[in-house]
Every structure is written in structure tokens, then in C-alpha cells.
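These notes are about the structure you will find just below.
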């Protein structure tokens, strides 16, 4: 007993409960990452005490700060992503952190732009409720299998 509603197929999950078919993301310009490798701190490979996380070099003679040829690149505005595709996942959705069923309902009208990501602290019982409600609303859940599937 499937029905049509505004061009979308409704499929019953349980008797009396219907769900909207999962919608695809909105059309967008191709996602281009100008740089995928991390910017590492200068000389972090030489000294154990220096972590790899980026720090701007500030020394008066520093070759990275002075942008000499052959040295590592510094982060700059030119490496930024297109504003239209920034924070976008490969699926074309943007991630939205969800802690309960009420948070999923916020995405009802934005299911083509945002995908729900269930927070790590949410219990497996609540996860099942969140996933069921997301399926009804046609909201994509990025980590739907986490903490729900069990080993036999």
C-alpha cells in the first residue's frame, strides 16, 4: 500500500506509519579541495618536542616565513574552499550534530542540505529512535550503523 505524495514515494515502515523516500542532496558546483594534506609546523620532523600542528614561524631569518623557494607553504586565504561547497561532505550534504529525536525534526525542511550525524554520547536505544524518525522524514544519517549493529 504505497502512495504518491508530491512526486515522492511513501513506503510504510510499520502499519499506519509512512516514510518519505530518502532524498538526494541539492545540485551544487563540484567540490574542489585546493589542498588535502595538512600544513605541518616547520622543523616538526626534526625535533620530537615540536608537535606537527601548524604554528606560524616568527623568526627574523626564517625561510618559511620569508617564503623562499623549495620551502613548505604556509596556510593562506588562497587555499580556502568555495563558499558554496565549504564544509560539504562528498555526498553533497553538510553535517549536523544530533543528540535526540527533536534535533532530527529540525532537519525536516532541510533534508537536501544537511545530513544528521548522531553524537557519540547517544545511547544505542535512543539511536534506534533517531534513525527511525530520520527515515520517516527522509533525512540522511551519516553514522546510522554505529552502536546499533550487534555481533552474533
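In the working numbering, the protein residues as written are 964 to 1115. Ideal Cβ placement from N, Cα and C applies to all residues, glycine included.
Which residues DSSP lists as bridging residue i, in chain order
i	result
residue 1058	1078
residue 1035	According to DSSP, which records beta bridges pairwise, residue 1035 is partnered with nothing at all.
residue 1071	Per DSSP, none; premise fails for residue 1071.
residue 1051	1057
residue 1115	In DSSP, residue 1115 forms no bridge with anything.
residue 932	Coverage of the chain is limited to positions 964 through 1115, which leaves residue 932 absent and any answer about it impossible.
residue 1104	1079
Delimiting residues of the alpha helix (DSSP H) encompassing residue i
i	result
residue 1067	1064–1068
residue 1093	1087–1100
Residue nearest to residue i in terms of C-alpha spacing, selected from the options
i	options	result
residue 1111	1089, 1102 and 1103	1089
residue 984	1095, 1114 and 1109	1095
residue 1016	1022, 1007 and 1023	1007
residue 1047	1022, 986, 990 and 1091	990
residue 1105	1081, 1091, 1099 and 1115	1081
residue 1056	1004, 1107, 1102 and 1002	1102
residue 1075	1058, 1035 and 1087	1058
residue 941	1099, 994, 1044 and 1005	In the structure as shown, the chain begins at 964 and stops at 1115. Residue 941 is therefore absent and cannot be evaluated.
residue 1050	986, 994 and 1109	994
8 Å contact criterion, which residue i and residue j should meet: CB distance rounded
i	j	result
residue 1028	residue 1022	7 Å
residue 1002	residue 1038	5 Å
residue 1067	residue 1097	5 Å
residue 1070	residue 1084	With 8 Å as the limit, residue 1070 and residue 1084 do not qualify as a contact, their Cβ atoms being about 19 Å apart.
Chain B contact for residue i (CB, 7 Å cutoff)
i	result
residue 1032	Going by chain labels, chain B is absent from the structure shown, which holds only one protein chain.
Open item on the list: Would the stretch 997–1008 count as touching the stretch 1048–1067 if we require 3 or more Cβ pairs under 8 Å?
Closed with: no
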